[in-house]
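For reference, the structure discussed in these notes is given below.
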Amino acid sequence: MDSPKFYVASPLGDRTAGPEALTQLVDAIRRRGIEAYLIPMVNFRGRRNDPEYDIYDFEVAESISDPKNSYFVLSEVSPIESYRELKNIPRERTWMGWFSVNNSPDPRARYFRPSEQSCSTFPPGFTPEFPAVPADYNLDTAIDGGFLPSLREAKKRVGGANLAKTKSLITEAVSIAYAQRIVNSDINFFAQSFYGQGFVRQVLGKHAPIITDPIRIVDVPSMKRERNVVLYNKVKSWSLIPDVMKKMPDVEFRAIEGMSYNQVVEALSTATVYLELGHLPGRDRMPREAAHFGTPVVCLARGAGYCWQDVPLPVAYRVAYREGWANNAALALQRVLDDPQQAALDQEEYRDWVSGERERYELAIDQWLELALKQ
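Under this note's numbering, the sequence shown has 182 at position 148, and the numbering climbs by one with no breaks.
This is how it looks when you write it as structure tokens:
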């Protein structure tokens, strides 16, 4: 039998955490002496990885050359763009990684909201003053599968239904239906987060081992830390940040937007505190990167932020997403601004956890490959 080959579908050209995680996966497999390639997702995706990811060992293959000995890995974001590979590779040698749960076309994933059924929001042994609440405050709820709900969802995503949007509506409806079909099939799963693992277990009734994506470790020159500066990710926090800003008019809120990676690194390493308000579809990198640079983090418990195992911050710095959340977020931020050194000490275990990611990742890759190659 020929040597196994792994093909990992990627939205080449995008400069986001997903393509980097997929490139990291190919790099990790190749470092173990196994052939592995990125393979482009079709249609509107690019044909080349962003140059920023040239730090990893990878090659791009236009097609799967040997289906008999090949394994296929795709993410949840758009299965229909991997139609040709899914048609050629048996389900037992196909793996779907849940990197960004709520970005899946499948409405069950798109509207999934965590609760204690999927993951714990408190650390082991902690007795909360108030019971945990589902992270569904002011959010859409899940919808059932089936043709009519999928069609309604397609209509919602393309912004209505008229003659000019007919093609887009049909395309979206087909994409949703195909994604549900693949997710319901006998493919294998892994998850980038405990949030993703909770979705697979709670909704799909299957197991998904954890393979996360370690942050890039970079050295930065020592720079003076700015006081009274709250940094946030505009892409993920834009809709909620005004509610906090108006409660703290004397604080400078600074957005991460349109920055190079080096600029992001500089901002994260000099701010007083990093605030995460996004509904995180997976274990987000910026809170981990902030911790790596010694910057305290305040996180709203939404998406993967609800899961303590994905954001193991002390409870005082994790804000439940329920009525009054903005006031509680302001109080948590003020706690950091009043005494940044104490906040840094409080979050020392979180920084240690981040620093151990690389070792946990390498172990997870070894365990996953052993499992996959038995198929």
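A virtual CB, placed ideally from N, CA and C, is assigned to each residue, including glycine. Only a predicted model underlies this, so the values are computations on that prediction, with no experimental measurement involved.
Check, Outcome
"Proximity to Asn222 [Cα-Cα], best of Phe106, Tyr395 and Ala289", "Phe106"
"CB contact flag (Gln236, Asp140, <8 angstroms)", "no"
"Beta-carbon proximity list for Pro348, same chain, < 7 angstroms, skipping 5 on both sides", "Asp380 and Gln381"
"Where the alpha helix (DSSP H) through Ile399 begins and ends", "Glu391 to Ala406"
"Burial state of Asn77 (16 or more Cβ within 10 Å)", "exposed"
"Rounded Cβ spacing between Val299 and Pro330 (contact assumed at less than 8 angstroms)", "About 17 angstroms separates the two Cβ atoms, so there is no contact after all."
"Proximal residues to Thr175 (C-beta, below 8 angstroms), its chain only, five neighbours per side dropped", "Caution is warranted here: a pLDDT of 48 is assigned to Thr175, below 50, making its placement in the model unreliable, and the coordinate value is therefore given only provisionally. Closer than 8 angstroms at Cβ, skipping near neighbours: Tyr145 and Arg147."
"Candidates Cys341, Gly390, Leu72 and Thr304, of which the one nearest Gly316 by Cα", "Cys341"
"Bounding residues of the beta strand (DSSP E) (the contiguous stretch that carries Gly131)", "Thr128 to Trp132"
"Sheet register partners of Phe106 (DSSP bridge)", "Tyr41 and Thr128"
"Distance between beta carbons of Ser219 and Arg369, contact taken as under 8 angstroms", "Contact doesn't hold; Cβ gap of about 48 angstroms is too wide."
"Start and end residues, alpha helix (DSSP H) containing Arg322", "Arg319 to His326"
"Segment contact, 8 angstroms Cβ cut-off, at least three pairs: the region 117 to 132 with the region 93 to 109", "yes"
"Beta bridge counterpart(s) of Pro74 as assigned by DSSP", "Ser44"
"Among Val252, Leu367 and Gly358, the one whose alpha carbon lies nearest that of Arg322", "Val252"
"At least 3 beta-carbon pairs within less than 8 angstroms: the region 224 to 231 vs the region 257 to 273", "no"
"Chain-order list of residues whose beta-carbon lies under 8 angstroms from that of Arg82 (same chain, five-residue window excluded)", "Leu46, Gly47 and Val94"
"Which listed residue (Gly339, Val332, Asp344 and Asn361) has its alpha carbon closest to that of Tyr351", "Val332"
"Where Gly337 falls: helix, strand or coil (DSSP)", "strand"
"Short Cβ contact (8 angstroms threshold) for Ser109 with Gly52", "yes"
"Whole runs of the alpha helix (DSSP H) within the region 196 to 266, excluding any shorter than 4 residues", "200 to 217 and 228 to 233"
"Proximity of Tyr202 and Val254 at Cβ, strictly below 8 angstroms", "What sits at residue 202 in the sequence shown is Ser, not Tyr. Contact flag unset, no."
"Bridge partners - Ala9, DSSP secondary structure assignment", "Because the chain spans 35 through 409 in this model, residue 9 falls outside it and cannot be assessed."
"DSSP state of Glu310 mapped onto helix, strand, coil", "strand"
"For Pro346, the nearest candidate out of Arg65, Val135, Arg49 and Pro157 (CA to CA)", "Pro157"
"With 16 other Cβ atoms within 10 Å as the buried cut-off, status of Asn136", "buried"
"DSSP beta-bridge partners of Val299", "Looking at the DSSP assignment, Val299 forms no beta bridge with any residue, so it has no partner."
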